[in-house]
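What follows is a short report on a single structure.
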Amino acid sequence: MIKKLLVSIVLSFVMVFTASSFAMSPKTDFIGTWTGLQQEGQQFNRITLNIETIAWPDGKTALSEPSMTGWSLSGSVRVEPAMVTMRRAPEPQTVPVTGEFYPAGNMVKLQYILRRNRPIVYGVLSQDKNRMALVFSSGRSGNLVLPVLLTAGTELPESLSPFATSSEDAERLRRDMERTGIQVAAGQTQLDAIRSQIQQVKSELRQARSAGDKEQQKLLKAKIKELRDVYRKENSAQQAIILEQAQKLREQQLDQLRMTNPELADVNQKIMELQKQLVKASNDKDFTNMMMLAKELKSLQRQQKSAMALGRNPAAPLSVAGDSGQCPEHVVAWADELEKNGASNSKFRNLGQLVNLFRPSVFEKHFQATLLSMDAKERRQLGVDLRQHCSGNNNAFSRNGNLPTVATALADEGSQINYVSAAMAGEALDIVGLWSQRTLTTLNGYSHSEDIEVLGDRGDILFKALWPMETKSANDAIASAYNVTIEKEQIAQIDLLADNIDGIDAFTKLSRLPQQKNWKKMKYPAGQKVMMYYQEKTSMVLSRHIDQTFPGAARDMGNPRKALIAGKQWYEQNGTILFLFPDTNAARHFDQTFWVQRDELFRKLSPELKKEIVELKQKSEIQNIASDLSLPMDSQRSGAFKDITAAKTKQIAALETKRYTASAPVAPGPEPFKPGHPGAVYLNALYHQDWKTIAREDRAFAIPLCKMMQPMHNSGIYDMMALLSGGKAQGSDIKRYMQTKMEKASMSTSMAGFFILALEHISPTCLGENPVHIERTEKWDNVVYNGLGAELYRTHHSQTYHYTVARRHRNAFYRLGDPASAESLDFINGMLGQFGVKQGGIRASMSKLSANLHGLRKAMQDLPCDGKVIKRIENALMKKALE
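Heads up: the sequence shown is residues -23 to -1, 1 to 860, going by mature numbering (1 follows the signal peptide of the UniProt record, and there is no 0).
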């Protein structure tokens, strides 16, 4: 038993140690040094990428399943001229590299800054892990940067050795050049010393001439001659050292050139030998030989120019035996790879995608050789075929101006591409293509849609570098895997929330699932399938909730009052849940049965309620009838409840008629406004200018307002206002002023303001001549404070209003300010009710003023604006407004 326990502990320790080690510093095949060539202009640079560390981000732990979470990557990249030449070349640069490693995709993202360029590069490995393909997504040339092929280690593969000086040769040449530089510098110092001596002796010679010392002059001239002989001898030695170093460098370059363009190498070799003979003839002053050698040199230079032109332009005319003038079948088949792999009239104008033609898997199939293994003559012949014999073919390749671009890729030299960079890019794309195939076969192992999404995003540049058909295949596979995975995730999330419902918050979370970002990313048919499952699941959960919580008392048809109260209480607590899922079968079924049942309950209770209504004598009591039983929706869904509401309205109207009859004074003439017209008592009083009735009505309106303000009167607020006034007013004076204003508040003030502004819209013809146009601007600030009360920021706002009023009303308008409306008062009254303010009091005052405003508007709409009734009301209102 103890032995088993010890084994278990040891195994656990090993597992934890292994997992933690993997989390901190994973072993990946990307770590190490990688070397390759990249074309820049007409030259090549040697690229040395050193990936030093790949580590899991701080605070994270490794995952045992495929994940596209980026692991941090660091290292460096060194860029230096690939060939050592006598010309001044850019200094080698080494810059830091950062990026991310994506374990599930087995790919890296690299970023660095080089010569003001900030490329973002994605890299993948070949299946044998010995080569890396880099695809550039940005930089000075953007997508025109060709893919780059790197090889593991510090040396280039043998196939690329002709295009770069080897590390050993480069180091040897650099040492020789440094040694030569030291020797030349020392010799130059010696030459400078000799020149200085000559100048000194010349100075002495001038002095001897001035003194007439002929013997001294003779000695000094001999010394100058001796120094000049020494100078020529030393200078010749210096030139010999420089020529020797140049000769070594030229021989190195010739050896490399002979591998790619032997014809040009042979011509250059002859030119070098001839230049040596010219130097010797010049030193020997053999002018006849010099002229013959110069003539021969011109002939060689013409051959050199021709050989270089053939390298730059592989379509230069060649004399080929058996040339039929037709595009060869194997070239036609090679060009047809474009359309076979998804080309169209617009797809292949990008140089990067045309390089797919030079992928070894494509090129070797038609030429039985790679582009690098072709000799210069074979490449030039292919260029001739493309430019001269294949231009008439009616295919995507010839239609889109691709021929010159591809022919350029066959040249020895080129500013953007030549056959070397095209061959390397093609091999890199083959690596990317095989990586794509391997990666897409692993999609079923992804358990998180987010990882698939990241793969699609990070791998997009890699996929787009391939043939269009490969790109489409990759995008389709990723989209399909994403849909399958996110479908599983969303269904699992639905189950998790639905199976753990506990209160309104849980229902709210469940209802918000369709608004989530991931949900909206689902495509057909996954989105439709998940939505159907969501509807079924939520309907089932809602149905179960209703069955478990809906009270039996709410279904008791024998006790309708108790049933209505129970149903109301349940609905007030759970109605929000029903509104969250209106489209579910459970919600629709409940909606159909619940309101039908309530209508039947109100129908049973209706006789009893109507009897209570008739017996009540107070408006507020009538309005409260059935308020403890009803829900807001009952007024729309229940016909029986509508009948009860109609009975309440009828009884209130009867009481209003009785009140009007009792309170209306004996009028000197007929009443223009009959009982039932809103605000009839006040409007009739204005018509008859019955100031006593108006004062009584205003008093009834003002008393509740005064009572509401009483706490404010005793709060000390007026003393604070006095303090802020700088002592210009006393708190008691302000209090007295406010009390007087409240006690004398008149409804006619609001009614007069309403009349002045409403006239423009209801009866514009009665504005009279030259109406006044008034502009009024309101300004205010929105201020945001922090938790300590300090102001964080302030936003200024303003709103401008335009009014048109009758000229006869101008003075009254400026005195009254902006009036209230019946609708605004109804809104305030409703808000007071929601905040628990009971009927009567302030709400009664608001209702009274609202009724008067409703009645005034109705009168203005129904009666002529220049008629007797409206004119008398207008005169009374203006008189009250200007008091």
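Beta carbons: idealized from backbone N, C-alpha and C, even for Gly. All figures in this text were calculated on a predicted structure; none of them were measured in a lab.
Spell out the partners DSSP gives residue i in its beta bridges.
i             : result
glycine 552   : Note: glycine 552 sits in no beta bridge, so no partner.
alanine 783   : The partner list for alanine 783 (beta bridge, DSSP) is empty, contrary to what the question assumes.
threonine 566 : Note on identity: in this sequence residue 566 is histidine, with threonine being the wrong assignment. In the DSSP output, where bridge partners are listed per residue, histidine 566 has none listed.
glutamate 755 : Gln776
serine 103    : The partner list for serine 103 (beta bridge, DSSP) is empty, contrary to what the question assumes.
tryptophan 48 : Phe78
residue 912   : In the structure as shown, the chain starts at -23 and stops at 860, and residue 912 therefore has no counterpart that could be examined.
glutamine 70  : Val56
leucine 87    : Gly76, Val98
isoleucine 28 : Gly9, Gly52
Would DSSP call residue i helix, strand or coil?
i                 : result
leucine 331       : helix
methionine 249    : helix
proline 652       : coil
glutamine 492     : helix
asparagine 94     : strand
glutamate 57      : strand
glycine 403       : helix
glutamate 737     : helix
glutamate 746     : coil
phenylalanine 571 : helix
methionine 8      : Looking at the sequence itself, residue 8 is isoleucine, so the reference to methionine does not match. In this structure, isoleucine 8 counts as coil in the three-state DSSP scheme.
isoleucine 850    : helix
glycine 436       : coil
arginine 336      : coil
threonine 416     : helix
tyrosine 659      : helix
threonine 131     : coil
valine 125        : strand
Can you check which of these residues, the options, is closest to residue i by C-alpha distance?
i             : options                        : result
lysine 588    : Asp576, Ala603, Gln574, Ser597 : Ala603
tryptophan 33 : Phe21, Gln20, Arg23, Gly47     : Gly47
aspartate 243 : His654, Gln278, Asp476, Asn260 : Gln278
aspartate 476 : Met517, Asn333, Ile201         : Met517
aspartate 453 : Leu473, Leu420, Val507         : Leu420
isoleucine 31 : Gly76, Glu592, Gln104          : Gly76
proline 584   : Pro537, Val112, Thr570, Ser827 : Pro537
serine 457    : Gln470, Ser426, Lys441, Ala442 : Ser426
leucine 432   : Pro445, His773, Ala451, Trp444 : Ala451
lysine 594    : Ala624, Asp611, Gln628, Asp605 : Gln628
glutamine 414 : Gly403, Gly436, Val397, Asn395 : Gly436
glycine 552   : Val54, Ile24, Leu519           : Leu519
lysine 257    : Lys275, Asn245, Ser213, Leu241 : Ser213
valine 846    : Thr726, His665, Ser727, Ala141 : His665
leucine 137   : Leu315, Ala624, Ile394, Ser350 : Ser350
leucine 270   : Asp263, Leu255, Pro841         : Leu255
threonine 462 : Ile97, Met855, Lys506          : Lys506
aspartate 479 : Ile554, Ala630, Thr772, Ile671 : Ile554
lysine 86     : Gln184, Asn22, Gly52           : Gly52
proline 841   : Tyr791, Leu474, Leu736         : Leu736
Between which residues of its own chain and residue i is the CB-CB distance below 8 Å, once the five residues before and five after are set aside?
i             : result
leucine 204   : Ile171, Gln174, Ile175, Val178
glutamate 720 : Ala679, Cys683
leucine 854   : Leu663, Ser725, Met728, Ala729, Phe732
Only counting the same chain, and skipping five residues up and downstream in sequence, which positions put a Cβ closer than 7 Å to that of residue i?
i              : result
tryptophan 496 : Gln467, Leu490
isoleucine 408 : Val101, Ser103, Arg108, Ala110
serine 723     : Asp675, Lys857
leucine 557    : Phe484, Thr485, Ser488
lysine 596     : Ile629, Leu632
alanine 163    : none
leucine 586    : Ile602, Ala603, Ile621
glutamate 648  : Asn661
Once the 5 residues before and after residue i are set aside, which same chain residues still bring their CB inside 6 Å of it?
i             : result
tyrosine 659  : Glu674, Asn829
threonine 742 : none
glycine 844   : none
glycine 656   : Ala828, Asn829, Gly832
serine 114    : Ile97, Ile438
key: Contained alpha helix (DSSP H) runs [length at least 4] in the segment 438 to 478, N- to C-terminal order   = Restricting attention to alpha helix (DSSP H) runs no shorter than 4 residues, the segment 438 to 478 encloses them at 445 to 475, ordered along the chain.
ask   = Along the chain, which unbroken stretches of the alpha helix (DSSP H) at least 4 residues long are found entirely within the segment 582 to 632?
value = As far as the segment 582 to 632 is concerned, its whole alpha helix (DSSP H) runs of at least 4 residues are 596 to 601, 611 to 614.
task = Could you name each continuous alpha helix (DSSP H) segment of 4 residues or more that falls completely within the segment 342 to 372, going from the start of the chain to the end?
result = Under the rule that a run must span 4 or more residues, the alpha helix (DSSP H) segments found entirely inside the segment 342 to 372 read 353 to 361.
message = Please give the ranges of any alpha helix (DSSP H) in the segment 505 to 561, keeping only runs that are unbroken, at least 4 residues long and fully inside the region.
response = Along the length of the segment 505 to 561, whole alpha helix (DSSP H) runs at least 4 residues long occupy 537 to 557, reported in chain order.
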